[in-house]
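One point on numbering: in full-length UniProt numbering, the residue at position 240 of the sequence shown is 240, and numbering is uninterrupted. Input: a single structure, listed below in structure tokens.
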Amino acid sequence: SRIIGGQEARAAEFPWQAAVYVDTANGKYFCGGSLISEQWILTAAHCLYNGRLYTIQLGSTTLQMGDPNRVVLASSTAVFYPGFNTTTLENDIGLIKLHMPITFTGISECEFNYIQPIELATVGEIIEGTVATVTGWGQIDDATSGIVNDLYYVSVVVISNEECQITYGNQIKTTMICTLGNYNEGICTGDTGGALIATTGFNKYIQIGVSSFFSQQGCESLHPSGYTRTDLYNEWIKNVTQTV
Numbered sequence: 001s002r003i004i005g006g007q008e009a010r011a012a013e014f015p016w017q018a019a020v021y022v023d024t025a026n027g028k029y030f031c032g033g034s035l036i037s038e039q040w041i042l043t044a045a046h047c048l049y050n051g052r053l054y055t056i057q058l059g060s061t062t063l064q065m066g067d068p069n070r071v072v073l074a075s076s077t078a079v080f081y082p083g084f085n086t087t088t089l090e091n092d093i094g095l096i097k098l099h100m101p102i103t104f105t106g107i108s109e110c111e112f113n114y115i116q117p118i119e120l121a122t123v124g125e126i127i128e129g130t131v132a133t134v135t136g137w138g139q140i141d142d143a144t145s146g147i148v149n150d151l152y153y154v155s156v157v158v159i160s161n162e163e164c165q166i167t168y169g170n171q172i173k174t175t176m177i178c179t180l181g182n183y184n185e186g187i188c189t190g191d192t193g194g195a196l197i198a199t200t201g202f203n204k205y206i207q208i209g210v211s212s213f214f215s216q217q218g219c220e221s222l223h224p225s226g227y228t229r230t231d232l233y234n235e236w237i238k239n240v241t242q243t244v
């Protein structure tokens, strides 16, 4: 099983990872997200579009019941970036406000970090050639539809937007990042909204992107995956999380 390629995540390995179940008038669907503060989840705008209720799972790498570290919260408050374009997926970034603040774990030495926020990259920290990691419960190959029960992660490399435009043309904007994995590795249906993360020199994780899109020729095609680059939205995120 895999995100596409990739390995199964250990408990508490990606403690900011959120599962986002979206209820719309037309049915339910699934996205990823990342915990960025005690009360806010960062995700993709396309995950929030037409949503009425959001059910968020934190603290567990499995979607099955029975994990004592699993916390489930509901929300009906979501904000997507005002310039979000549903056709081109430009500005594909949004926020969900949890109905109550969550308590981070791992504060004392005797407990694991099952629930911790991820720090957002600042401008200048996202560099072409960076080896990054993307996580999700999404589809494992083009033939198997639906999400999987266990969280997977895969290593990908940030490529230049010029290289990405070879595949996607002028759909690729300066607000986007693209990655390539080994062979066909990358994101698939159900992974979008999740975090693309990199490590700083101090072995600290930072979020550099929000999973946004993959090739319409299939997740297993050799085409790049696309993300919204978070650093350009830090001011907007700050404004929303302080005022809404």
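By construction, the Cβ of each residue, glycine as well, lies at the ideal position given by its N, Cα and C atoms.
Bounds of the beta strand (DSSP E) holding I177 are M176 to G181.
By alpha-carbon distance to A74, the top candidate from D142, L98, G218 and I187 is L98. Taking 8 angstroms as the upper bound for CB-CB distance, L42 and F213 are not in contact here, some 17 angstroms apart.
Counting C-beta pairs with one atom in each stretch, the region 189-203 and the region 131-139 have three or more that are closer than 8 angstroms, which means they touch. In this structure, D92 places its C-beta atom within 8 angstroms of the C-beta atom of T228. When the beta-carbon positions are compared, V79 and G94 come within less than 8 angstroms of each other. Boundaries of the beta strand (DSSP E) harbouring I159: Y152 to I159, taken from the DSSP string. For L35, DSSP records a beta bridge to I41. Straight across, the Cα-Cα distance linking G6 with P101 is about 32 angstroms. Membership of I56 in the beta strand (DSSP E) is indicated by the continuous run G51 to L58.
Comparing alpha carbon positions, the residue from L35, G51 and H46 closest to Q57 is L35.
Burial is judged here by how many other beta carbons sit within 10 angstroms of a residue's own beta carbon; A9 has at least 16 and is buried. Of all alpha-carbon atoms in D231, G194 and N184, the one lying nearest the alpha-carbon of Q217 is that of N184.
Contact check for A11 against G32 fails: the beta carbons are separated by 8 angstroms or more. Under DSSP, Y21 shares a beta bridge with F30 and T55. Distance from the CA atom of N239 to the CA atom of E38, rounded to whole angstroms, is 16 angstroms. Your pair Q207 and T230 checks out as a contact, with CB atoms roughly 6 angstroms apart and the cut at 8 angstroms. Rounded to whole angstroms, the gap between the alpha carbons of N85 and H46 is 9 angstroms. Here the C-alpha atom of S225 lies approximately 13 angstroms from the C-alpha atom of G193.
At a Cβ-Cβ threshold of 8 angstroms, I126 and I159 do not count as neighbours. DSSP lists C178 and F213 as the bridge partner or partners of G226.
The residues G218, C219 and E220, in chain order, have a CB closer than 7 angstroms to that of D142 in the same chain once the five nearest residues on each side in sequence are set aside. With respect to F104, I96 sits apart: the two C-beta atoms are not nearer than 8 angstroms. The three-state secondary structure of Q207, taken from DSSP, is strand.
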